[in-house]
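In my numbering, the protein residues as written are 1 to 76. Cβ atoms here follow ideal geometry from the backbone N, Cα and C, with glycine treated the same way. Scroll down for the structure; my scribbles are underneath it.
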Ligand SMILES: [Zn+2]
């Protein structure tokens, strides 16, 4: 009989998207699957499916006000 594997909760960090046309730059959530040092400053796929630049020092959820509503819902 084996113990059930512990499912590690994904580590979430905030990532900043760039302003795109009428869309303002927003903070998105990115699930870290690699060491933070590897993704710092890299463009990663966000929880909501867009690309944003990871800032590992910015924890998710971020206290910022300009936050992607989709990422907020998806990480709740
Ligand atoms: Zn998002």
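For the pair residue 55 and residue 15, the CB atoms are nearer than the 8 angstroms cut-off.
Under DSSP, residue 59 shares a beta bridge with 13.
When the beta-carbon positions are compared, residue 60 and residue 29 come within less than 8 angstroms of each other. Residue pairing by DSSP puts residue 32 in a beta bridge opposite 11. Per DSSP, residue 71 is one residue of the alpha helix (DSSP H) stretching across 69-74.
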